[in-house]
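Residue numbering for the sequence shown follows the working numbering, starting at 1349 and increasing by one per position.
The block underneath contains the structure these notes are about, expressed in structure tokens.
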Amino acid sequence: MTGAKFTQIQFGMTRQQVLDIAGAENCETGGSFGDSIHCRGHAAGDYYAYATFGFTSAAADAKVDSKSQEKLLAPSAPTLTLAKFNQVTVGMTRAQVLATVGQGSCTTWSEYYPAYPSTAGVTLSLSCFDVDGYSSTGFYRGSAHLWFTDGVLQGKRQWDLV
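As structure tokens, this is what we get:
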């Protein structure tokens, strides 16, 4: 699994379409993954980068209604600081948050459409990084997670920002 393949997989695709893009040999389903498809990427420190895709039902023709990734997509220009993070408040829009923390600091960690294809109730989680906080082969040093529902910030958390 790669970032490019993750980006190609769109909401509304079937399980087979996901496997055709991701490569069935890199993916598993069932067990702790239930009806979702979990695909491994490159080694990233002590674990693998990955993507997980959820579906509208267990049926073969079910559609992708959620997707998440970790360490497959890198931020383009991380500039997040503790001072910027502290300016972010619950109730801000996604656009306001990105203008505050730096558009290039964040990647989408997860996105879920609970009533797919409706966009009502969409939840989105961003992973944001400081200039030294992203390493595709190791652990995060300075980072934050930001959670949104319908484009409005619901919560935030940071680790080791300075």
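C-beta atoms are modelled at their ideal positions from N, C-alpha and C, and glycine is treated no differently.
Own chain partners of residue i with C-beta closer than 8 Å, once the 5 adjacent residues on each side are dropped
| i | result |
| --- | --- |
| Q1358 | V1412 |
| A1463 | G1469 |
| T1437 | L1501 |
| Q1356 | I1369 |
Status (buried if at least 16 other CB within 10 Å, exposed otherwise) for residue i
| i | result |
| --- | --- |
| S1405 | exposed |
| G1378 | exposed |
| S1491 | buried |
| V1510 | exposed |
| Q1451 | exposed |
| Q1417 | buried |
| R1505 | exposed |
| S1414 | buried |
Pick from the options that is closest to residue i, judged by C-alpha positions
| i | options | result |
| --- | --- | --- |
| G1503 | L1509, V1510 and H1493 | H1493 |
| S1545 | P1423, T1471 and T1429 | The question about residue 1545 has no answer here: the residues shown for the chain are numbered 1349 through 1510. |
| V1366 | K1419, V1438, F1401 and L1420 | F1401 |
| N1434 | L1421, P1426, V1449 and T1441 | V1449 |
| A1407 | N1374, A1431, M1361 and T1455 | M1361 |
| Y1396 | S1414, S1384 and M1349 | M1349 |
| G1439 | L1501, F1381, Q1506 and H1390 | L1501 |
| D1508 | S1473, A1391 and T1429 | T1429 |
| G1389 | S1380, A1372 and S1473 | A1372 |
| W1495 | Q1364, W1457, A1431 and D1368 | W1457 |
Same chain, Cβ closer than 7 Å to residue i, neighbours up to 5 away in sequence not counted
| i | result |
| --- | --- |
| V1479 | P1426 and T1427 |
| G1351 | L1420 and L1421 |
| T1467 | Y1461 |
| D1409 | T1362 |
Check whether residue i and residue j have beta carbons under 9 Å apart
| i | j | result |
| --- | --- | --- |
| E1459 | T1441 | no |
| S1475 | T1497 | no |
| D1383 | F1403 | yes |
Span of the alpha helix (DSSP H), counted from its first residue to its last, around residue i
| i | result |
| --- | --- |
| V1436 | From DSSP, V1436 is part of no alpha helix (DSSP H); its letter is neither H nor E. |
| L1367 | R1363 to A1370 |
| F1354 | G1351 to Q1356 |
Cβ neighbours of residue i in the same chain (closer than 6 Å, five flanking residues each side left out)
| i | result |
| --- | --- |
| G1499 | T1441 and R1442 |
| C1387 | M1349, A1370, N1374, C1375 and A1399 |
Host beta strand (DSSP E) of residue i (start-end)
| i | result |
| --- | --- |
| R1505 | V1500 to W1507 |
| T1427 | No beta strand (DSSP E) holds T1427; DSSP gives it neither H nor E. |
| L1494 | S1491 to T1497 |
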